[in-house]
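Q: Residue numbers (my numbering): 1158 to 1463. Just so it is clear, CB atoms sit at the ideal spot from N, CA and C, and this is done for glycine as well.
#1: Hey, how far is the Cα of residue 1165 from the Cα of residue 1442?
#2: Once the 5 residues before and after residue 1458 are set aside, which same chain residues still bring their CB inside 7 Å of it?
#3: To the nearest angstrom, how far is the alpha carbon of residue 1410 from that of residue 1452?
#4: Please state the DSSP three-state secondary structure of residue 1375.
#5: Distance check for residue 1454 and residue 1202, CA to CA, integer angstroms please.
#6: Between which two residues does the alpha helix (DSSP H) holding residue 1171 run?
#7: Specify the secondary structure class of residue 1225 as computed by DSSP and reduced to three states.
#8: In angstroms, rounded to a whole number, what distance separates the CA positions of residue 1401 and residue 1320?
#9: Does the beta-carbon of residue 1324 have 16 or more other beta-carbons within 10 angstroms, so that it is buried, or is it exposed?
#10: Could you name the residues of the same chain whose beta carbon sits closer than 8 Å to that of residue 1186, not counting the 5 residues immediately before and after it, in chain order?
#11: Roughly how many whole angstroms lie between the Cα atoms of residue 1412 and residue 1192?
#12: Nearest-angstrom Cα distance between residue 1286 and residue 1171?
#13: What is the rounded straight-line gap between the Cα of residue 1309 and the Cα of residue 1352?
#14: Given that a residue counts as buried once 16 or more other Cβ atoms are within 10 Å of its Cβ, and exposed if not, what is residue 1392?
#15: Looking at C-alpha atoms only, which residue of 1225, 1328, 1260, 1330 is the closest neighbour of residue 1284?
#16: How many whole angstroms separate the CB atoms of residue 1304 and residue 1196, which I take to be in contact at a CB cut-off of 8 Å?
#17: Would you decide whether residue 1293 is buried or exposed? Buried here means 16 or more other CB atoms lie within 10 Å of its CB.
#18: Based on Cα-Cα distance, which residue from 1420, 1360, 1357 lies nearest to residue 1385?
#19: Give the secondary structure of residue 1429 by DSSP, where H, G and I count as helix, E and B as strand, and everything else as coil.
#20: So, for residue 1408: in the same chain, excluding its five sequence neighbours on each side, which residues have a beta-carbon less than 7 Å away from its beta-carbon?
#21: Using beta-carbon positions only, say whether residue 1344 and residue 1358 come within less than 8 Å of one another.
#22: Sort 1333, 1450, 1427 by Cα distance to residue 1388 and report the nearest one.
#23: Over what stretch of residues does the beta strand (DSSP E) that includes residue 1215 continue unbroken?
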């Protein structure tokens, strides 16, 4: 019997990486990056307003107060997504929307609620600081900055960073094609009538879900009986198209003994036979030509934990 930590270490030490493929960004959730990613731009890509308000030059408002307002001419309105093609003069301001680029000549934004305006004139009565309510170009990410590292699992947050970095397509490792074979004369497909002495196949869907959640691609190999030759034949014919294989269940003589014999009969090397954990201690691990074979307990709880 092997300790769980040692079993994991043995597998991770000998596991091989799957081939590198190129996927469209929107299709890469839960895939694993094969390369470091650097940003091709500053982010934000331009200095922009954090609020709806007025773009101003802060030094012009140094002397203002409620009793000494500064009146500025409202030049234009800057919308998000529109590049302002005008500079602001010292006696001018511009309405600016959240996310809009700051016009030349401005270095701060005053929120609408702090300004009184009518027609083309706006009155400012409060002092402000340079850079107020602005998000500066490159303050979050610099051009050329390392933003994601190789072997990172791509989650929703990583998708955002990849999109910001202009990665329409991403190099990732292909999902491990994982064969799932359920064995046992008593096992019946979920869609069939349940006869006496039979039980429904719960392991196929459970293991397929586990494989998907772990980033793999489940391949159902159906249900086999307890005959060694039948199981060995399915393994031998299926393994060349897979990256690894999982079997569950065995014969009345003991699922552990049957699984080991079958794995050896197809030329696989046994790595360990039982793991020190409950449930799930009946777990046979083997390897053939760089591919892993795992024989799990037929018990749903044991297979789930394994």
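A: Based on what the coordinates show:
#1: Each residue's Cα considered, the two are about 11 Å apart.
#2: Same-chain partners within the cutoff: 1436.
#3: Its pLDDT being 47, under 50, residue 1410 is placed unreliably by the model, and nothing is read from it.
#4: In the structure shown, residue 1375 adopts extended strand secondary structure according to DSSP, grouped into three states.
#5: C-alpha separation (whole angstroms): 55 Å.
#6: Residues 1161-1171.
#7: Looking at residue 1225 - three-state DSSP - the assignment turns out to be strand.
#8: Note on geometry: alpha-carbon atoms of residue 1401 and residue 1320 lie some 32 Å from one another.
#9: The residue is buried, with at least 16 neighbouring Cβ atoms inside 10 Å.
#10: Result list for residue 1186: 1311, 1312, 1313, 1316, in chain order.
#11: A caution first: residue 1412 carries a pLDDT of 49, below 50, which makes its placement in the model unreliable, though a value can still be read off. The alpha-carbon atoms of residue 1412 and residue 1192 are separated by roughly 42 Å.
#12: If you take the alpha carbons of residue 1286 and residue 1171, they lie about 59 Å apart.
#13: Linking residue 1309 to residue 1352 through their CA atoms gives a straight-line distance of about 48 Å.
#14: It is buried - the Cβ of residue 1392 has at least 16 other Cβ atoms within 10 Å.
#15: It is 1225 whose Cα lies nearest to the Cα of residue 1284.
#16: Taking a contact as a CB-CB distance under 8 Å, the pair residue 1304 and residue 1196 counts as one, their CB atoms being some 5 Å apart.
#17: By the neighbour-count criterion, in which a residue is buried when 16 or more other Cβ atoms sit within 10 angstroms of its Cβ, residue 1293 is exposed.
#18: Of the listed residues, the one whose Cα sits closest to residue 1385 is 1420.
#19: Residue 1429 sits in a strand when the DSSP states are folded into three classes.
#20: Because residue 1408 carries a pLDDT of 35, less than 50, the predicted location of this residue cannot be relied on, and the following value inherits that uncertainty. The residues are 1383, 1415.
#21: Between residue 1344 and residue 1358, the C-beta gap is smaller than 8 Å, which places the two residues in contact.
#22: The shortest C-alpha separation from residue 1388 is found at 1450.
#23: Residue 1215: not part of any beta strand (DSSP E); DSSP gives it neither H nor E.
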